[in-house]
Structures are given as C-alpha cells and as structure tokens.
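Counting from 40, one number per residue, gives the positions in the sequence shown under my numbering. First comes the structure, then the notes that go with it.
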Amino acid sequence: MTSPDPSPLPNPAANPNGVLHADLQGAVNLFRFRPERLSVSALEFDSTCSFRVGSKVYEDLQVVDVSGTGLGLQSEAPLDLDEESKVEDVRFRHRGRLVWTGKARVVYPQNGNQLRFGIRFLGAPLSLQEIRFRADFVEQRLGHALERLRSYEDILAPEWRAGVIHLHQLLLEAKALLDSQQSHDTEGRWREPEQSTRLCEAFLERWGPEFRRVTEELDALTGKFDDRQVELGLMFAQGILMQEFRHCEMMRRAYDKPQGYAGDYRIMELGQTDVLEGETLYHRFLHFLSQQFSLGQTIQARAHNAQDAAAEAIALDRPVRILCLASGPGVELRRLIRETPEFKHRVEILLVDQDEDSLRSCLDQLNRACGERGDNPPVEFHCLHFSLRQIIAPKRGAEQELVKTVLSGVDLVYSMGLFDYLLQPLARRTVSSLYNLLNPGGRIFIGNLMRVPDSTWIMEYGVAWHLVYRTEEEMMDLGAGISPAPDSMRVEHDNTGHCLFFDARRGEE
Ligand SMILES: C[S@@+](CC[C@H](N)C(=O)[O-])C[C@H]1O[C@@H](n2cnc3c(N)ncnc32)[C@H](O)[C@@H]1O
40 MTSPDPSPLP
50 NPAANPNGVL
60 HADLQGAVNL
70 FRFRPERLSV
80 SALEFDSTCS
90 FRVGSKVYED
100 LQVVDVSGTG
110 LGLQSEAPLD
120 LDEESKVEDV
130 RFRHRGRLVW
140 TGKARVVYPQ
150 NGNQLRFGIR
160 FLGAPLSLQE
170 IRFRADFVEQ
180 RLGHALERLR
190 SYEDILAPEW
200 RAGVIHLHQL
210 LLEAKALLDS
220 QQSHDTEGRW
230 REPEQSTRLC
240 EAFLERWGPE
250 FRRVTEELDA
260 LTGKFDDRQV
270 ELGLMFAQGI
280 LMQEFRHCEM
290 MRRAYDKPQG
300 YAGDYRIMEL
310 GQTDVLEGET
320 LYHRFLHFLS
330 QQFSLGQTIQ
340 ARAHNAQDAA
350 AEAIALDRPV
360 RILCLASGPG
370 VELRRLIRET
380 PEFKHRVEIL
390 LVDQDEDSLR
400 SCLDQLNRAC
410 GERGDNPPVE
420 FHCLHFSLRQ
430 IIAPKRGAEQ
440 ELVKTVLSGV
450 DLVYSMGLFD
460 YLLQPLARRT
470 VSSLYNLLNP
480 GGRIFIGNLM
490 RVPDSTWIME
500 YGVAWHLVYR
510 TEEEMMDLGA
520 GISPAPDSMR
530 VEHDNTGHCL
540 FFDARRGEE
C-alpha cells in the first residue's frame, strides 16, 4: 500500500501574484546575454577616441558604439593592430569632454577592408548612464529648455510674463493662507462640505477681484499676439500655472486629456456639484474657483435653460420624446425629474454620447432620481453610444436604421457643450440633421459659450482647454442650412449672458 502524496505546503516565497521563483523562466530563444550598447548615432553627436600602441599614437578615431566595457571604433585607413594588442593612454572623448581614460586591448581587429575594430577596457567600466544623461538630459532636453526660455524672453513682452507670474504668486498666496487655516483648524472642521464652501467663499471674495483683474489684462494683451507669440505664450503660462491648477481635478483633466480629450462629462459633473472635492482646503478652493469664474457660472446656468426647454416639452398634453445630444452627466435632467411635480404622459428621453462611462453614470443618476420620487414616473431612458457623425452621416445598415427608427420623431432635441468643439460648417450641418429629426411643432435648442475675458484666457492659457466660442451672428448662422426654413428661429442667452442658445421651431404642418 502506498501512502498518498502529502498536500503541497504553501510557499512563503511566492510573490503577491502567486508566481514562484522556482517557476520563473529564462529566455525562450537567444539565450546569450549581451550587455547594452549605445550606438553613437543615437547620441546625435560625434565621439572620438585616441590611444597609443607602443610609441605610435592614434588620434581622433571615430567611435561607432559604446558599451560599459569597451568601444567599437573606426579608422579612415587600415591600422596596424593585432588581436590582443595592448592599447595605452586611451582617451574617449564625448562631445569634447574626456569621459574615460585608461588601458585597453584590441578584441576585434580590423579584417581585410573592414576598418571597424573593437577595444575592451582594462579597469573600471564606463557608465552608460552618465553618457545617456549627458546626451539626453544635458544636451537634448536641457538644451531645448534653455532655448525655449530664451525665446520666452525674446518674444513675449515682459509685462505679459509679469502678469502670468503675478497670477502664480496669487495662487501661492492662496495656498499659504489656506494651508495655514487648515493646520490651525485642529478639529478639522474645514472638511465639512458646508464649512469648506463658506471658507472658500470668504477667501474668493477678497482674492478673486485681483485674480480677475490680472487675467483680464492678460487677455487684452494676448489679443494682439501673432501665431508665434500664441504658441510660446501657451507653453509659458501653462508651464507655470499648471503647477498649481494640477491640484484641481477639473483643471487637471482639461490639461492632461486623460481620454485623448478631457473626459468632459466628469468635468461637467465637477463643475455642477455642490460638494467641493480635494484633499486640502486649498485644493477645494481651486475647485471652487473653477465653478465660480464667469464661464464656470455659465456652465451651471445654461443647464437651467435646457431644463426649462425640457420642462416645456413635457408640459405638452401628450407623450413626448426628447433627444439630448452629448448628454454628459445630464445634471439638468436629474433636476427635471426631481422638480417636475407630476408626469402626466409618457416621456421618452434619448441620451446620446460617444463616451460609455458618461452614459453609464448619467443613467445611474437618472434612475436614482426617478426611484427617489416614489411615484414611478412614466419616464423611459434610452442610452445610445453614438457619435455626432453617426447621426449626420450614418452608415448604411444598422446606423441608418437606428437614426430612422429611434432618433427620428422627437419633440425636442437639445445639446450643450458639444457645439463649442465644432467648426461652423460642421455645426451648421449638424443643426440641419438634428432639425430633420423633429416632429412637427418640435424644437431644437443648442447652447454655445461666448468668449469672456476673465475665463477664456485661463481656460486656454492656464489649462489648455480650447473651445469654439460663438457670437450671436454665428449662432443665427447655425440655422442657415435648415430647409425648409423653420417657423421661428432666434438666439437667446442664459442668465449669466455668456451662453447663447440657437432656438428654432418646426411648424405644425
Ligand atoms: C462638455 S460635455 C457636456 C455635457 C452636458 N451636455 C453638459 O452640458 O453638462 C461634452 C459631452 O459631449 C460628448 N461628446 C464629445 N464629442 C462627441 C461626439 N462627437 N458625439 C457625441 N458625443 C460627444 C462628451 O463625451 C461629453 O459627454
């Protein structure tokens, strides 16, 4: 009789991923390990080497590659060197600097017409790290940085640069004072959401006008910039201001563009939340600042216009369908659900966004708002992970079918925060396509921000958030392609005066 195998003991050396050292693998092929070599061409400048063999001195030989233990060299004519030749007084110069000196021996001699050969160092190895540091950091990166700093000096007016530095100093003052307040608050009351907001409000009341004044001055000066000044100005200001703005998620997202673009729905959510986010009072202050500067206020205000448009649609004495293009967080719809006393008829809301996370989070919040009412309102949400292009030029097949069957026949189509990214021809075309989705009597309502000196400058030169701002004339022009012409077409403002709405209605027919 054989006894069963003892159960395997847990291996205390297993790493957290559960891989045992004993199971680690070597190479699958190419088993020989070769230390790293740097090709001199990668270093973008010449390196040379000189040495002596006996009494004969060889000067300025070209270095072809470098490893920690030797050099690959090349001469212009054949040299009289044998394998194992002792090489003395080796001087390896990199960009004119002596990087390694000592003795070596020939390991790969020249062969026939081959002018390349190799020497191996005898003695301390060469630090490739240092060579790379000199080439990459000192010559390349630092070199470019110094050139850039000189261009700032040459091309950007001193008063403009001083303005940017003044804004930075204002931010540093805010940080110092708010950090100090936080550290004196031994009970940590600043963390309470309402307390955070009150402290930020009090601080902004005194600090904000100065920040605004300098920003407006910078905006005026920047208006006269040529293309080169704009390019350098953006780098200069963002390089400085982002050091502080980075502590605010809204601003950081706008600058870093973590999804290739800013992941705008999250910015819009943060822009409209009541609770300030941030690990310190100063970080919360930056969030507060983003919400309070003019266009921050507009982002909140314009959602009320959209909410009113939707409320008007659901007040019709029949079932209605509403299409929200680029729905993002749908803050206005949440409020609509909460604030509508009674839904007498069925309401279908079509949420269209190219960002799945945005749709997921929006739907979640809307379902929650419906659930919280406790009266099971007859409101249905349909999320379409669809892009603007798929609406205006759907591909034959499923896309065309979806536009025809699901998106057509709506009573209201509205959008905010999307046209601010579209150039006029595409914006005009989009308006026409959306208009064609309307039922008789339907309405199209499109929001677009206007340029505002105290905000636009910060958005562009602070956090690299570039939008297409529009004037009233450009907004009216959005309807130029609608055929046949709508019954009514006008442009209205939100209550901050900085968001314009193109508002057109289709006749009853
Ligand atoms: C600035 S947010 C505005 C969100 C919302 N309308 C608001 O005002 O809070 C822009 C939204 O447009 C969406 N978006 C951007 N490009 C789009 C496109 N080509 N098609 C559909 N949605 C798009 C983004 O995913 C984002 O949710």
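All C-beta atoms, glycine included, are put in the ideal place defined by N, C-alpha and C.
Check, Outcome
"Less than 8 angstroms between the CB atoms is what I'm expecting for L315 and T236, so what's the real figure, rounded?", "6 angstroms"
"Below 8 angstroms between beta carbons: does that hold for V92 and K142?", "no"
"Could you tell me whether any non-hydrogen atom of ligand 1 is closer than 7 angstroms to the CB of M289?", "no"
"Should L390 be listed as close to ligand 1, given that the test is whether its C-beta is under 7 angstroms from any heavy atom?", "no"
"Can you round the beta-carbon distance between V146 and G109 to whole angstroms, since I take them to be within the 8 angstroms contact cut?", "7 angstroms"
"Measuring straight from C-alpha to C-alpha, what distance separates E255 and W199?", "11 angstroms"
"Any heavy atom of ligand 1 within a distance shorter than 7 angstroms of the CB on A349?", "no"
"Using 8 angstroms as the cut-off, can you tell me whether the stretch 364-380 makes contact with the stretch 271-278, which would need three or more C-beta pairs spanning the two stretches below that distance?", "no"
"What is the residue span of the alpha helix (DSSP H) that S89 lies within?", "Not the alpha helix (DSSP H): S89 falls in the beta strand (DSSP E), residues S86 to V92."
"Can you give me the Cβ contacts of G520 inside the same chain, cut-off strictly under 8 angstroms, excluding the 5 residues immediately before and after it?", "R467, R468, V470 and S471"
"Could you tell me the distance, in whole angstroms, from the CA atom of G413 to the CA atom of V203?", "52 angstroms"
"My parser needs the beta strand (DSSP E) runs of 3 or more residues fully inside the stretch 110-147; what are they?", "125-133 and 136-147"
"Closer than 7 angstroms to a non-hydrogen atom of ligand 1 - does that hold for the CB of Q330?", "no"
"Is the stretch 480-493 close to the stretch 410-429, with three or more CB pairs under 8 angstroms?", "no"
"Since R509 and L539 should fall inside the 8 angstroms C-beta cutoff, what is the C-beta to C-beta distance between them, to a whole number of angstroms?", "6 angstroms"
"Starting from K95, trace the beta strand (DSSP E) both ways and give me its first and last residue.", "K95 to S106"
"Run the CB neighbour count on E547, radius 10 Å, all protein chains shown included, and call it buried at 16 or more, exposed below.", "exposed"
"With contact counted as at least three CB pairs below 8 angstroms, one residue from each stretch, are the stretch 348-362 and the stretch 446-455 in contact?", "yes"
"Taking the DSSP output, what are the residues bridged to L362?", "L389 and V452"
"Give a single yes or no on whether Q339 has its beta carbon closer than 7 angstroms to a heavy atom of ligand 1.", "no"
"Is it buried or exposed, E283, if we count other Cβ atoms within 10 angstroms and call 16 or more buried?", "buried"
"With D542 as the anchor, note down where its alpha helix (DSSP H) starts and where it stops.", "Per DSSP, D542 belongs to no alpha helix (DSSP H); it is in the beta strand (DSSP E), C538 to R544."
"Where do the ends of the beta strand (DSSP E) carrying L161 lie?", "R155 to L161"
"Taking buried to mean at least 16 other C-beta atoms within 10 Å of its own C-beta, is S219 buried or exposed?", "exposed"
"Note down the Cα distance separating R173 from M498, rounded to an integer number of angstroms.", "37 angstroms"
"Which residues share a DSSP beta bridge with M528?", "A543"
"Between the Cα of A116 and the Cα atoms of W496, L154, H343 and R428, which residue gives the shortest distance?", "L154"
"Run the Cβ filter for me: residues under 5 angstroms from any heavy atom of ligand 1, listed in the order they occur in the chain.", "D303, Y304, M307, A365, G367, D392, Q393, D394, S397, S426, L427, M455, G456 and L457"
"DSSP state of R490, grouped into three classes?", "coil"
"Give me the Cα-Cα distance between A52 and I431, rounded to the nearest whole angstrom.", "Legend: pLDDT at A52 = 48, less than 50; position of this residue unreliable, value from coordinates given subsequently. Computed Cα separation, rounded: 59 angstroms."
"Quick check: the stretch 152-170 against the stretch 248-265, are there 3 or more CB pairs under 8 angstroms?", "no"
"Per DSSP, what are the beta-bridge partners of H549 in this structure?", "Nothing about residue 549 can be reported from this structure: the residues present for the chain run from 40 to 548 only."
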